Amino acid sequence: VEEPKGDPMRSVLWAAERDRAAQKIPCSVGEFCNRGVKSVIINLKDDADKQSFLDLLQTADAFMTNHKVQLLKDFGLDADTLKASHPHLVYSHFSGWGREGPYVGNIGYDVAAFNATFGMMRFMSEDNNIMPRYPLGFGDMITSVAFAGVTLLGLVERLWSKQPRVAQTSLIASAAWCMSTAMLARQQGAKPESARDLLDLLAGPQSWGNKMFRTRDQEWLAVSCLDAGELKKVLKAVGVAETAGEKEFKEAVGSQTKEQLVAALAAAKVDCAGPA
Numbered sequence: 068v069e070e071p072k073g074d075p076m077r078s079v080l081w082a083a084e085r086d087r088a089a090q091k092i093p094c095s096v097g098e099f100c101n102r103g104v105k106s107v108i109i110n111l112k113d114d115a116d117k118q119s120f121l122d123l124l125q126t127a128d129a130f131m132t133n134h135k136v137q138l139l140k141d142f143g144l145d146a147d148t149l150k151a152s153h154p155h156l157v158y159s160h161f162s163g164w165g166r167e168g169p170y171v172g173n174i175g176y177d178v179a180a181f182n183a184t185f186g187m188m189r190f191m192s193e194d195n196n197i198m199p200r201y202p203l204g205f206g207d208m209i210t211s212v213a214f215a216g217v218t219l220l221g222l223v224e225r226l227w228s229k230q231p232r233v234a235q236t237s238l239i240a241s242a243a244w245c246m247s248t249a250m251l252a253r254q255q256g257a258k259p260e261s262a263r264d265l266l267d268l269l270a271g272p273q274s275w276g277n278k279m280f281r282t283r284d285q286e287w288l289a290v291s292c293l294d295a296g297e298l299k300k301v302l303k304a305v306g307v308a309e310t311a312g313e314k315e316f317k318e319a320v321g322s323q324t325k326e327q328l329v330a331a332l333a334a335a336k337v338d339c340a341g342p343a
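And the structure:
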C-alpha cells in the first residue's frame, strides 16, 4: 500500500539513474526490494480510502508495517485496534528502536539505529579512527530478512493457537545480534576496542592468521584460521616455515599472484571461499 505520491523507494536512486528518472520508472533498488509485489495507492487520510484499506485487510493473512507506534495509533492501525477488528491477522511491525522504551517515538534510520548503535561504526573503523560508511540500506536489508522470518513464524503460531499474533523486529535488535560476539566478549571481561582486536583475541598468539594480505597482482588474500593446524597448512602452501611470523607471511604472499596462491592452497587441500 503506497501513499498517493508513491513509495519514496521508487525514486531513492534517481540522482544516479537519470534515464529512469526522466521516464518516471522506479529506480533499480526500488524494483529489487519490491519484486513480485502488487501495489495499490490509498490515502489513509480519506475516509473512503481508509475503509477500502480495512476491507483489504479482511482478505490478508498479515499486516506488515514500519511506521512509528504513535502514527499507527493516530490512524487506528495499532495492534490493539486491529486485533479487535481483524482478529485473524498477524500484526507484524518493523521499527527502528522497538515497540516500547525511551526511543519508541523516534524515527529509526539504519545509520543511527543500526550502524551507530552498540558502537558498530566505531568498532568497524580502521586506521585514523575514520568511521566507515556502509552501503545504502545496510541495516534495513539485514533486518528485513528477520522481518520476513518473524512474520512467517507469526503465521505458524496463529495456525497452531487460533489466536491473533503480534510479531516484531527492529534495527536495534538486529544491531545487537550482529554485535553479539563483541558484547559477549566484554561481558566476560575482555575489552576489544575494534573488530580487529576481537579477531586478535579469538585467534590468540597467531592473531595475524585472521587478516588480509596483498598479492603481487594487487589482489587480496584473506586468511581466516582459528585452528593452529589449519594455519600451518596455509603457511606451508604459501612457502614459509611453520614458525614464520606475520612479516614473513606478508612478504611471501606479496611475491606471488592470486592465481599462484589459489593453486598452491588447493594443492595443499586448504579450503578456500570466495572467487578463485
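Under this note's numbering, read the sequence shown as residues 68 to 343, first letter to last.
Yeah, the Cβ is synthetic: ideal placement off N, Cα and C, and Gly gets one too.
Values in this document were obtained by computation on a predicted structure and should not be read as measured data.
Among the options, the one whose alpha carbon lies nearest that of residue i
i: Met188; options: Lys258, Ala262, Glu297 and Val79; result: Ala262
i: Trp81; options: Glu98, Gln125 and Leu111; result: Glu98
i: Ser106; options: Ala88, Met76 and Asp113; result: Met76
i: Phe142; options: Arg87, Asp116 and Gln90; result: Asp116
i: Leu123; options: Ala146, Gly103, Leu156 and Ser95; result: Leu156
i: Thr282; options: Arg200, Lys299 and Glu326; result: Glu326
i: Ile178; options: Leu121, Val171 and Pro199; result: Residue 178 is actually Val in this sequence, not Ile. The shortest C-alpha separation from Val178 is found at Pro199.
i: Leu220; options: Leu111, Ala129 and Ala180; result: Ala129
Span separating the alpha-carbon of residue i from that of residue j
i: Arg85; j: Ile92; result: 10 Å
i: Lys140; j: His160; result: 13 Å
i: Thr126; j: Cys100; result: 23 Å
i: Ser291; j: Lys278; result: 7 Å
i: Cys245; j: Gly256; result: 19 Å
i: Leu238; j: Ala295; result: 37 Å
i: Ala330; j: Val305; result: 10 Å
i: Thr218; j: Ser241; result: 15 Å
i: Leu251; j: Phe185; result: 12 Å
i: Ser95; j: Gly175; result: 23 Å
i: Met208; j: Lys303; result: 40 Å
i: Asn173; j: Ser78; result: 24 Å
i: Glu286; j: Ala213; result: 34 Å
Where the beta strand (DSSP E) containing residue i begins and where it ends
i: Gln230; result: Gln230 -> no beta strand (DSSP E), and no H or E assigned at all.
i: Thr132; result: Ala129 to Thr132
i: Leu156; result: From DSSP, Leu156 is part of no beta strand (DSSP E); its letter is neither H nor E.
i: Arg281; result: Met279 to Arg281
i: Ala289; result: Trp287 to Ala289
Burial state of residue i (16 or more Cβ within 10 Å)
i: Phe316; result: buried
i: Ala249; result: buried
i: Gln118; result: exposed
i: Gly312; result: exposed
i: Ala343; result: The pLDDT assigned to Ala343 is 49, lower than 50, so where the model puts this residue is not dependable; a value taken from the coordinates is nonetheless given after this. So Ala343 counts as exposed.
i: Arg253; result: exposed
Residue i at chain D interface by Cβ criterion, 8 Å
i: Ser228; result: Any reference to chain D falls outside this structure, which holds one protein chain only.
Residue range of the unbroken alpha helix (DSSP H) whose run includes residue i
i: Ala82; result: Looking at the DSSP string, Ala82 is not in any alpha helix (DSSP H), and its letter there is neither H nor E.
i: Ala249; result: Ser247 to Gln254
**Asked** Quick one: any contact between the stretch 120-138 and the stretch 161-175, if contact means 3 or more CB pairs under 8 Å?
**Response** Counting Cβ pairs under 8 Å, three or more are found: they touch.
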